[in-house]
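Enquirer:
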Amino acid sequence: MSTTPNSQAAHASNTDANSNLDAARSCKVSASAQGAPASPAGKRPAPPCTLVIFGAGGDLTKRLLMPALYNLAVDGLLDDGMQIVGVNHGERETNEWVEDLHQSLQKFAADKASTFHAGKIDDNAWEWVAQRLEYMAGDFETPDTFARLTDKLAQAPGGNVIFYLAVGSRFFKPIVGHLGESGLLKEGAGFRRLVIEKPFGNDLASARDLNAHILSYALESQVYRIDHFLGKDTVQSILAVRFANALFEPVWRREYIDSVQITAAETIGVEGRGKFYEQTGAFRDMVPNHLFQLLGMVAMEPPNSFDAEAVRDKKAEIFDAILPLTPDDVVFGQYEQGPAGVAYREEPDVAPDSSTETYAAARVFIENWRWAGVPFYLRTGKRLAARRTEISVQLKPVPFRLFRDTPVGALTPNVLTLRIDPAHGTSFDFNVKTPGPVMQVGPVQSSFDYGDFFAERANVGYETLLYDCMLGDETLFQRADSIEAGWCAVDGVLHPKTGGALAVHGYAAGSAGPAEADALLAREGRAWRPLTTAAVEKK
Ligand code: BG6
Numbered sequence: 105m106s107t108t109p110n111s112q113a114a115h116a117s118n119t120d121a122n123s124n125l126d127a128a129r130s131c132k133v134s135a136s137a138q139g140a141p142a143s144p145a146g147k148r149p150a151p152p153c154t155l156v157i158f159g160a161g162g163d164l165t166k167r168l169l170m171p172a173l174y175n176l177a178v179d180g181l182l183d184d185g186m187q188i189v190g191v192n193h194g195e196r197e198t199n200e201w202v203e204d205l206h207q208s209l210q211k212f213a214a215d216k217a218s219t220f221h222a223g224k225i226d227d228n229a230w231e232w233v234a235q236r237l238e239y240m241a242g243d244f245e246t247p248d249t250f251a252r253l254t255d256k257l258a259q260a261p262g263g264n265v266i267f268y269l270a271v272g273s274r275f276f277k278p279i280v281g282h283l284g285e286s287g288l289l290k291e292g293a294g295f296r297r298l299v300i301e302k303p304f305g306n307d308l309a310s311a312r313d314l315n316a317h318i319l320s321y322a323l324e325s326q327v328y329r330i331d332h333f334l335g336k337d338t339v340q341s342i343l344a345v346r347f348a349n350a351l352f353e354p355v356w357r358r359e360y361i362d363s364v365q366i367t368a369a370e371t372i373g374v375e376g377r378g379k380f381y382e383q384t385g386a387f388r389d390m391v392p393n394h395l396f397q398l399l400g401m402v403a404m405e406p407p408n409s410f411d412a413e414a415v416r417d418k419k420a421e422i423f424d425a426i427l428p429l430t431p432d433d434v435v436f437g438q439y440e441q442g443p444a445g446v447a448y449r450e451e452p453d454v455a456p457d458s459s460t461e462t463y464a465a466a467r468v469f470i471e472n473w474r475w476a477g478v479p480f481y482l483r484t485g486k487r488l489a490a491r492r493t494e495i496s497v498q499l500k501p502v503p504f505r506l507f508r509d510t511p512v513g514a515l516t517p518n519v520l521t522l523r524i525d526p527a528h529g530t531s532f533d534f535n536v537k538t539p540g541p542v543m544q545v546g547p548v549q550s551s552f553d554y555g556d557f558f559a560e561r562a563n564v565g566y567e568t569l570l571y572d573c574m575l576g577d578e579t580l581f582q583r584a585d586s587i588e589a590g591w592c593a594v595d596g597v598l599h600p601k602t603g604g605a606l607a608v609h610g611y612a613a614g615s616a617g618p619a620e621a622d623a624l625l626a627r628e629g630r631a632w633r634p635l636t637t638a639a640v641e642k643k
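Positions 105 to 643 (this note's numbering) are the ones given, in order, by the sequence shown.
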């Protein structure tokens, strides 16, 4: 059973909800953009600026930043005066860099498996971007690079500059230090902003240290800490589903909700990132950042507005209220040889006796009035049976046995599932009378898919983040306090006071994860949502 796609009323109400969100966000368009012509999407081009990308030759620049800039250009959301300076180690001509980017863009556009599957590149839009690109060879740790950058940025339109650190985390401190020492972070007529990728630290102490270093050179309002999950439309839509519908919010509390499951399951392995992954592991890579961000969106109190601080304050309250995790709340796993391929220990750059986890499951409690006692179960892992990022909110059973011969406990629970990737939409499991003369109850599922209502776009998730950064809207970026609260909540797992490192349990590549993760829920009479089949099969 699907929600009817051609319902005008549904269309109208969805559109209204979107435009309300847009209206709230567009209040933040800065004065310099006010006079610019509106793009076809109804938004205005961002103010002019120079975007300096450190790590111009890296994967992030090719796979995500360039496709996102190209998409923004297609939508007319970049100012004509925009410049993009790519900084990287190694001498290269600008035209070589541009050609390399163009080829990657074409490759991703044609690749059905890529996030950026645009089909064909619009030559005019690419030409527009290409004309604004300039390559600058430079070492990230030598003052000379920053002296040359200072000369170049004297021409920055409006004095506005964004420094995007698309580099390994070991370069975050030196780059920020050099930018600060060269005076490049001083705001005068224009803005100076810093965009910092993850991993933002690898535990509480290192995150605090990095925050302190950055904030000794820049104001918090200049710092844009990225969590790319927040750039996904389906993640932003969690707030729309919760706060634009009278149906959900009244039951969105401990009196009605039994538990919440947050899943980010991947089928890919470590994909040539063995070196990084050996140091990081699934827990650090995904839990205190991406999964906690989803938790924040699901659990936060309604903000008074979509003003950046209003939203971020409410999220910060949730991260503060997370009961610190202990080793008992967590299960780690590592993939072994299985139907989906070789064992993690056989991957390139991985130690043959590695004890790095490629799977993590956790039980989290939020100690506040709304959520006390409701478990949030989080899981993530590589080489699992399916790619699925979703949040399932399970409601408590109805209060008594009304249907003869149907024990209440046997009724399928109501579950609202918010699908983030690769499916985009929601589904709701509920019960109806089955056809026939006997009063019997059977489960059904109602689902909504974005593609049924809206034109799907080749959106890589960085478009909104880049555009918002140019506008100065920090709503979708992480504040220092929230980052530290996230690491603080998991510190007892990363540095257990007793008992040493956590056990890492094996699971077959291509399975649903280790049996011990099932036990984490089974001891509380619950089970994970299946990864491979729909929860309710159509008869
Ligand atoms: C990244 C992690 O931050 O997120 C990767 O480092 C992970 O290991 C990725 O694969 C998942 O993001 P997405 O958008 O592909 O679900």
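For glycine and all other residues, C-beta sits at the position ideal for the given N, C-alpha and C.
The structure presented is a predicted model; accordingly, all values stated were derived computationally and were not measured.
Return yes when the Cβ of ILE366 is within less than 8 Å of the Cβ of LEU399, no when it is not.
Expert: Their beta carbons are under 8 Å apart, which means LEU399 touches ILE366 by this criterion.
Enquirer: PHE658 and VAL271: beta carbons closer than 8 Å?
Expert: Residue numbering for the chain in the displayed model covers 105 to 643; residue 658 lies beyond these limits and cannot be assessed.
Enquirer: I need the DSSP call for LEU237, collapsed to helix, strand or coil.
Expert: Reduced to three states, the DSSP call for LEU237 is strand.
Enquirer: Cα separation between LEU164 and PHE504?
Expert: Whole-angstrom Cα-Cα distance: 54 Å.
Enquirer: How long is the line joining the alpha carbons of ARG630 and ASP389, rounded to whole angstroms?
Expert: If you take the alpha carbons of ARG630 and ASP389, they lie about 26 Å apart.
Enquirer: Three-state secondary structure (DSSP) at ALA612?
Expert: Reduced to three states, the DSSP call for ALA612 is strand.
Enquirer: Should GLY376 go down as buried or exposed, given a rule of 16 or more other Cβ atoms within 10 Å for buried?
Expert: GLY376 should be labelled exposed.
Enquirer: Nearest-angstrom Cα distance between LEU205 and THR198?
Expert: Between LEU205 and THR198, the C-alpha separation is close to 11 Å.
Enquirer: Tell me whether GLU644 is buried or exposed, calling it buried when 16 or more other Cβ atoms sit within 10 Å of its Cβ.
Expert: There is no way to answer for residue 644, as the model of the chain reaches only from 105 to 643.
Enquirer: Could you check what DSSP says for ILE372 in three-state terms: helix, strand or coil?
Expert: Coil, per DSSP.
Enquirer: Taking all protein chains shown into account, do 16 or more other C-beta atoms lie within 10 angstroms of the C-beta of ARG416, making it buried, or fewer, making it exposed?
Expert: Buried, because 16 or more other Cβ atoms sit within 10 Å of the Cβ of ARG416.
Enquirer: Beta carbon of LYS256: closer than 7 Å to some heavy atom of the ligand BG6?
Expert: Not under cutoff, so the answer is no.
Enquirer: Ignore the nearest five residues each way along the sequence and tell me which others in PRO152's own chain have a CB closer than 8 Å to its CB.
Expert: These residues qualify, in order along the chain: SER136, ASP183, ASP184, GLY185, MET186, PRO261, GLY262 and ASN264.
Enquirer: I'd like the ranges of any beta strand (DSSP E) spanning at least 3 consecutive residues and lying wholly in the region 280 to 314.
Expert: Within the region 280 to 314, the complete beta strand (DSSP E) runs of at least 3 residues are 296 to 300.
Enquirer: Helix, strand or coil: which one does DSSP assign to ARG483?
Expert: ARG483: strand per DSSP, three-state reduction.
Enquirer: My output table needs one value for GLN441: the three-state DSSP class, helix, strand or coil.
Expert: DSSP places GLN441 in coil when its eight states are reduced to three.
Enquirer: Which full runs of the beta strand (DSSP E) of 3+ residues lie inside the region 391 to 454, going along the chain?
Expert: Here the runs fully enclosed are 434 to 440.
Enquirer: Cα separation between LEU334 and LEU288?
Expert: Their backbone Cα atoms lie some 28 Å apart in a straight line.
Enquirer: State the start and end residues of the unbroken alpha helix (DSSP H) segment that holds SER208.
Expert: Note, SER208: alpha helix (DSSP H), 198 to 214.
Enquirer: For THR636, name the three-state secondary structure that DSSP assigns.
Expert: Looking at THR636 - three-state DSSP - the assignment turns out to be coil, as it is neither helix nor strand.
Enquirer: Alpha carbon to alpha carbon, what distance is there between LEU520 and ASP337?
Expert: When rounded, the distance between both Cα atoms is 18 Å.
Enquirer: Between ASP595 and the rest of its own chain, which residues show a CB-CB distance below 8 Å, the 5 nearest in sequence each way excluded?
Expert: Taken in chain order, the residues that qualify are ASP307, LEU308 and PRO428.
Enquirer: On the CB-based measure, 16 or more other CB atoms within 10 Å of its CB, does ALA322 come out buried or exposed?
Expert: Classification of ALA322: buried, given that the 10 Å Cβ count is 16 or more.
Enquirer: Taking 7 Å as the cut-off, is the beta-carbon of THR530 closer than that to any non-hydrogen atom of the ligand BG6?
Expert: No - the ligand BG6 has no heavy atom lying nearer than 7 Å to the Cβ of THR530.
Enquirer: So what does GLN582 bridge to, in DSSP terms?
Expert: According to DSSP, GLN582 bridges with ARG329.
Enquirer: Following a CB-centred definition, is HIS206 positioned closer than 7 Å to any heavy atom of the ligand BG6?
Expert: No, Cβ of HIS206 sits at least 7 Å from all heavy atoms of the ligand BG6.
Enquirer: Measuring only the C-alpha atoms, how far is ALA293 from VAL434?
Expert: Each residue's Cα considered, the two are about 50 Å apart.
Enquirer: When you compare only the Cα positions, how much space is there between LYS500 and ARG449?
Expert: One C-alpha to the other measures close to 42 Å.
Enquirer: Beta-carbon separation of ARG636 and ALA465 under 8 Å?
Expert: Before going further, note that residue 636 is Thr rather than Arg in the sequence given. No, the pair does not count as a contact, with Cβ atoms beyond the cut-off.
Enquirer: At a threshold of 7 Å, does THR493 count as lining the ligand SAM (C-beta to nearest heavy atom)?
Expert: What this structure holds is the ligand BG6, not the ligand SAM.
Enquirer: With DSSP as the reference, label GLU588 as helix, strand or coil.
Expert: Residue state, collapsed to three classes: helix.
Enquirer: What would DSSP say about CYS131, mapped onto helix, strand or coil?
Expert: The predicted position of CYS131 is uncertain, since its pLDDT is 33 and thus under 50; no value can be drawn from it.
Enquirer: Is LYS500 near the ligand BG6, with its Cβ less than 7 Å from a heavy atom?
Expert: The answer is no for LYS500.
Enquirer: From PHE158 to ASN472, what does the alpha carbon distance come to, in whole angstroms?
Expert: Approximately 41 Å between the Cα atoms of the pair.
Enquirer: Using the three-state DSSP reduction, which class does VAL594 fall into: helix, strand or coil?
Expert: Reduced to three states, the DSSP call for VAL594 is helix.
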